[in-house]
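Contents: one structure, followed by commentary.
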Amino acid sequence: GESVGLHLPTLSVQEGDNSIINCAYSNSASDYFIWYKQESGKGPQFIIDIRSNMDKRQGQRVTVLLNKTVKHLSLQIAATQPGDSAVYFCAENRANTGFQKLVFGTGTRLLVSP
Amino acid sequence: DTGVSQDPRHKITKRGQNVTFRCDPISEHNRLYWYRQTLGQGPEFLTYFQNEAQLEKSRLLSDRFSAERPKGSFSTLEIQRTEQGDSAMYLCASSGHLYEQYFGPGTRLTVT
Numbered sequence: 003g004e005s006v007g008l009h010l011p012t013l014s015v016q017e018g019d020n021s022i023i024n025c026a027y028s029n030s031a032s033d034y035f036i037w038y039k040q041e042s043g044k045g046p047q048f049i050i051d052i053r054s055n056m057d058k059r060q061g062q063r064v065t066v067l068l069n070k071t072v073k074h075l076s077l078q079i080a081a082t083q084p085g086d087s088a089v090y091f092c093a094e095n096r097a098n099t100g101f102q103k104l105v106f107g108t109g110t111r112l113l114v115s116p
Numbered sequence: 038d039t040g041v042s043q044d045p046r047h048k049i050t051k052r053g054q055n056v057t058f059r060c061d062p063i064s065e066h067n068r069l070y071w072y073r074q075t076l077g078q079g080p081e082f083l084t085y086f087q088n089e090a091q092l093e094k095s096r097l098l099s100d101r102f103s104a105e106r107p108k109g110s111f112s113t114l115e116i117q118r119t120e121q122g123d124s125a126m127y128l129c130a131s132s133g134h135l136y137e138q139y140f141g142p143g144t145r146l147t148v149t
């Protein structure tokens, strides 16, 4: 659902389950997307990225899917672990700015229960 | 540790005081970014440097804010006459390519 201020969308899963975190982006001209993980009190940590000429990219335990038709991005985490508990942000790069100008989404809190 | 570092990690100041934060990027990265993050929100872009040149500033960066990167390595962000609304986490990121920014741990500013 929508988040306002402190009320982040939250996804609660059991350890070992697969997690899917969704993100809607706003600019159809965006050409690059990144998922970041942010633990409490720390800076965002790069997880995986995808360019707009791709629709899927896989990393270690993570997969990003991009649907440009509906401007939707998802992050799939396989075999979720308690250490995956964090806030996850998607970010889009606004193309034609001459540099990487990231615009971040609101974020989703992932809670993993042992 | 060869990641992005920021100093201080926490700063508490009284309204009206000036504060300065420092960012040391990954050594070979020529691009440096400052962001601001408030509780429950994603980071918001403030400004961008390529080497020592400040090439982009957000409208969020009021005239009380100034950033420098004098030798194209570390950067400083100064806030003059701080206001309570300036309370936030200030994040620095660096990049060596057009994409893929790496973030530091941030400086949390509290203005009382």
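Just so you know, the protein sequences line up as chains L and W, in that order.
Quick note: the first sequence uses our numbering, first residue 3, plus one each step.
Quick note: the second sequence uses our numbering, first residue 38, plus one each step.
Ideal placement from N, C-alpha and C gives every residue a C-beta, glycine not left out.
It should be emphasised that the depicted structure is a prediction, and the values quoted were computed from it without experimental measurement.
- For residue 142 of chain W, the nearest beta carbon of chain L is closer than 8 Å to its own beta carbon.
- Between the alpha carbons of residue 64 of chain L and residue 141 of chain W lies a distance of about 23 Å.
- Chain L places a beta carbon closer than 8 Å to that of residue 78 of chain W, counting this residue as a contact.
- In the three-state reduction of the DSSP assignment, residue 51 of chain L falls in the strand class.
- For residue 132 of chain W, the chain L residues whose C-beta falls within less than 8 Å of its own C-beta are 102, listed in chain order.
- The beta carbon of residue 48 of chain W is closer than 8 Å to those of 56, 58, 144, 145, 146 and 147 in its chain, skipping five residues each way along the sequence.
- If you check the CB distance, residue 113 of chain W and residue 53 of chain W do not come in under 8 Å.
- For residue 104 of chain W, the uninterrupted beta strand (DSSP E) segment begins and ends at 102-105.
- The criterion of a C-beta distance shorter than 8 Å is satisfied by residue 39 of chain W and residue 64 of chain W.
- The beta carbon of residue 25 of chain L sits closer than 6 Å to those of 75, 92 and 107, all from its chain and outside the five residues before and after it, given in chain order.
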